[in-house]
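Taking it in order: structure first as structure tokens, then the write-up.
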Amino acid sequence: MHILGVTHPISWNPAACLISDGQLVAFAEEERFTRLKHAPHAYPARAIAYCLEKAGLEPDDINITAIGFDKPNAQHARAAEARSYIDGTLAEADQFGFFTSLALIYGDTHLDTYGERRYYDHHLCHATSAAIPSGMDRTNVITLDGWGGRASGSLGWYDRDRPIQTFAEIDTYRSWGMLYELVTEYLGFRCHSGEGKTMGLASYGRVDRDLLPDFCEPPFGLPDIKRYEIFLRGHIARRRQNDAIEDWHRDLAATLQSYYELSIVNIARFLCDKTHCGNFALAGGVALNCSGNGRLAQQDFVDALFIQPASHDGGTALGAAILAHRDVTGHWPEFGFHHAYWGPDFTPTQVRAALDFAKAPYDRCDSVEAAAQALARNEIVGWFQGASEVGPRALGNRSILANPGVAANLHRVNAHVKRRETWRPLAPSVRAERFHDVFDAPHASPFMLVAAHVKAAWKARLPAVVHVDGSARPQAVSAHANALYHRLIDRFEQLTGLPAVLNTSFNLDDEPLVNTPEHAIATFYRSGIDTLVIGDFIVRKQAQ
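When the sequence shown is numbered by UniProt numbering, its final residue is 544 and no position is left out of the sequence of numbers.
If you want it as structure tokens, here you go:
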């Protein structure tokens with residue numbers, strides 16, 4: 001049984017995955033192939049082609065195409081009304097392809113060639129994409145995003161071998177994703193893309209309820225979107241993109257973040273009280289808010305926390321495929337999400353061919369030793385290895401690495417490599433067995449999605465990856481999940497005494513992660529990266 005899961009093209013971050021006989025074979029995002037960040041409202045044709053190629057299948061071999069969005073109905077009009085209200089006018093909403101994309105998949109003949117077509121509820125897909133891969137037998141499930149069909153979130157329960165139970169849905173007018181988008185736009189950042197900037201900026205500010213009143217409603221503290229939109233329109237001037245960021249911008253972000261963190265804790269506490277279970281699985285775009293996840297992780301009622309690494313709408317492709325598998329077989333597929341490396345991989349022959357075509361001077365190397373030595377010399381390293389990650393975080397296969405012990409590397413990487421705001425935080429990767437030596441946090445995240453406080457003994461020694469509030473967004477790397485990257489971090493510690501490396505995504509600002517050797521080589525030469533370690537080859541700029 002071959003099941004293709006796809007994201008509905010009404011969504012941002014379209015993706016495709018393939019489940020064959022209950023096993024996940026491939027999972028990739030369309031943006032990595034088209035090179036358009038988020039690939040908004042796109043049909044994931046290239047991601048589908050990759051999945052088929054990876055499995056050695058033809059389109060006729062697919063039994064079911066599962067779509068991560070339910071069929072249109074009257075409730076979609078309510079979601080459209082809410083979205084257009086935030087955008088200001090229906091015309092503005094349509095400018096982003098909002099309504100035209102509604103019709104795209106229903107009239108698209110491409111999907112007719114991929115077996116039976118099945119649609120699944122958007123938030124049920126989000127919930128499924130977190131609950132089943134979490135590996136937990138029983139867990140509370142929370143989904144939060146901008147909007148998805150008739151709702152902007154859901155609260156549910158997963159118990160092994162039973163369907164996921166939905167206790168409540170969150171209305172589109174109470175959407176945390178929409179409010180975050182709205183404030184992000186007022187701060188001068190792009191919605192659907194700049195929300196991470198808003199979260200990072202929040203750490204520099206203070207909570208000011210006069211600047212942004214508390215229009216959040218009990219019992220969960222969900223925001224009243226209409227009241228916030230009216231207030232912001234009447235009281236807050238939109239920052240233009242090139243205007244300086246002032247204290248009140250930082251305070252606005254901090255206040256928004258404080259309301260969200262209180263809300264996610266309230267939601268989780270409600271579920272724990274209802275189910276008497278301290279396990280949680282999260283998905284939806286808002287689940288990428290690592291500061292909120294960090295706040296949740298600190299609660300004493302939380303026993304285990306799993307964040308789907310592709311929490312954005314790309315994850316609904318996985319959820320839909322899992323749901324289709326259960327519909328056909330009567331049971332959930334047997335796989336856990338121990339890593340996120342489900343994208344394209346390349347042979348040494350392919351890597352060498354790309355280097356030769358680019359006329360890049362290269363040598364063969366021991367990739368771990370070469371990269372560790374370069375980092376110890378304070379070089380910035382492009383690290384391209386194995387299969388690419390799914391989700392927005394670089395997790396050690398498509399990464400830019402640097403020495404976290406040099407404070408200037410925060411500015412150096414942001415300004416001269418990534419070409420973005422210099423205040424944005426950078427993350428550490430640490431071996432899983434060293435995680436609790438460095439961080440004061442109960443739950444280690446393998447997907448860089450849970451903020452954690454850095455222990456006092458390490459703050460001064462890892463200045464490039466410690467945020468202004470003393471936190472970091474660490475990735476706990478196990479030898480099981482990524483043996484090569486684990487060895488690199490270990491070797492770097494042997495050379496420097498530092499248990500972490502600075503890790504940021506291998507891309508420039510406003511570009512997707514590199515996907516192929518060609519992308520990596522081009523980005524290397526267009527950026528301030530000093531050394532590229534790609535497979536078992538090393539390229540140094542000074543060699544030219």
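Glycine included, C-beta positions come from ideal geometry on N, C-alpha and C.
The model shown is predicted, which means the values in this text are computed figures rather than measured ones.
Heavy atom of the ligand ATP within 6 angstroms of residue i beta-carbon
i, result
"P404", "The ligand ATP is absent from the structure shown, which contains no ligands of any kind."
Cβ-based burial, residue i [other Cβ within 10 Å; buried from 16]
i, result
"H519", "buried"
"D247", "exposed"
"Y418", "According to the sequence provided, residue 418 is Lys. The question's Tyr does not apply to it. Buried: at least 16 other Cβ atoms inside 10 Å."
"E30", "buried"
"Q475", "buried"
"V468", "exposed"
"I230", "exposed"
"E457", "The amino acid occupying residue 457 in the given sequence is Ala; Glu does not appear at that position. Exposed, by the Cβ-count rule."
"E53", "exposed"
"D251", "buried"
"F280", "buried"
"G470", "exposed"
"R526", "exposed"
"E58", "exposed"
"D243", "exposed"
"A460", "exposed"
Option in the options with minimal Cα separation from residue i
i, options, result
"G188", "Q241, G221, S175", "Q241"
"H338", "F306, G330, G315, E493", "F306"
"D210", "L256, Y186, E433", "L256"
"I264", "L318, R352, I170", "I170"
"V286", "L502, A479, T143, E116", "T143"
"R398", "I132, M199, N503, R239", "N503"
"L4", "H38, L36, R118, R540", "R118"
"N13", "L495, R434, R412, G284", "G284"
"A472", "A479, H453, N515, T349", "H453"
"S258", "K455, C277, R150, P223", "P223"
"S429", "M448, A415, N507", "M448"
"T496", "S193, A374, S505", "A374"
Span separating the alpha-carbon of residue i from that of residue j
i, j, result
"T531", "F524", "8 angstroms"
"A483", "P218", "46 angstroms"
"residue 546", "I534", "No information on residue 546 is available, as it lies outside the stretch 1 to 544 that the chain covers here."
"G396", "P463", "20 angstroms"
"S11", "D363", "43 angstroms"
"A522", "A370", "21 angstroms"
"residue 554", "T184", "Given that the chain is displayed from residue 1 to residue 544, the structure contains no residue 554 and the question cannot be resolved."
"A376", "I489", "11 angstroms"
"F346", "G386", "7 angstroms"
"R431", "L232", "44 angstroms"
"R83", "A340", "Because R83 sits at a pLDDT of 46, beneath the cut-off of 50, its placement in the model cannot be relied upon, and the following sentence gives the value as read from the coordinates. R83 and A340: Cα-Cα distance of roughly 31 angstroms."
"V465", "A408", "11 angstroms"
"K226", "I62", "44 angstroms"
"S291", "K197", "12 angstroms"
"A47", "C216", "39 angstroms"
"A66", "F384", "32 angstroms"
"V141", "G156", "5 angstroms"
"P404", "F33", "31 angstroms"
"residue 545", "P392", "This structure cannot speak to residue 545, because the chain is shown only from 1 to 544."
"Y485", "L498", "15 angstroms"
"F220", "D214", "13 angstroms"
"P442", "D303", "9 angstroms"
Residues that DSSP places opposite residue i in a beta bridge
i, result
"I67", "V6, Y119"
"Y362", "V539"
"L222", "E217"
"D159", "R138"
"S20", "H2, Q23"
"P344", "The partner list for P344 (beta bridge, DSSP) is empty, contrary to what the question assumes."
"E169", "S154"
"Y306", "Contrary to the premise, residue 306 reads as Phe rather than Tyr in this sequence. Paired residue(s): A281."
"S471", "H453"
"residue 545", "In the structure as shown, the chain begins at 1 and stops at 544. Residue 545 is therefore absent and cannot be evaluated."
"P428", "L502"
Beta carbon proximity, residue i to chain D, threshold 7 angstroms
i, result
"S175", "Of the chains in the structure shown, none is chain D; there is only one protein chain."
### Segment contact flag, the stretch 169-178 with the stretch 18-27, C-beta cutoff 8 angstroms, min 3 pairs
Contact fails between the stretch 169-178 and the stretch 18-27, because fewer than three Cβ pairs, one in each stretch, are under 8 angstroms apart.
### Message
Could you check whether the stretch 33-52 touches the stretch 351-358, counting it as contact only if at least three pairs of C-beta atoms, one from each stretch, sit closer than 8 angstroms?
### Response
Fewer than three beta-carbon pairs drawn from the stretch 33-52 and the stretch 351-358 are found closer than 8 angstroms, and the two stretches are therefore not classed as touching.
### Task
Please confirm if the stretch 122-132 is in contact with the stretch 314-321, defined as three or more CB-CB distances below 8 angstroms between the two stretches.
The stretch 314-321 and the stretch 122-132 touch, with three or more beta-carbon pairs separated by less than 8 angstroms.
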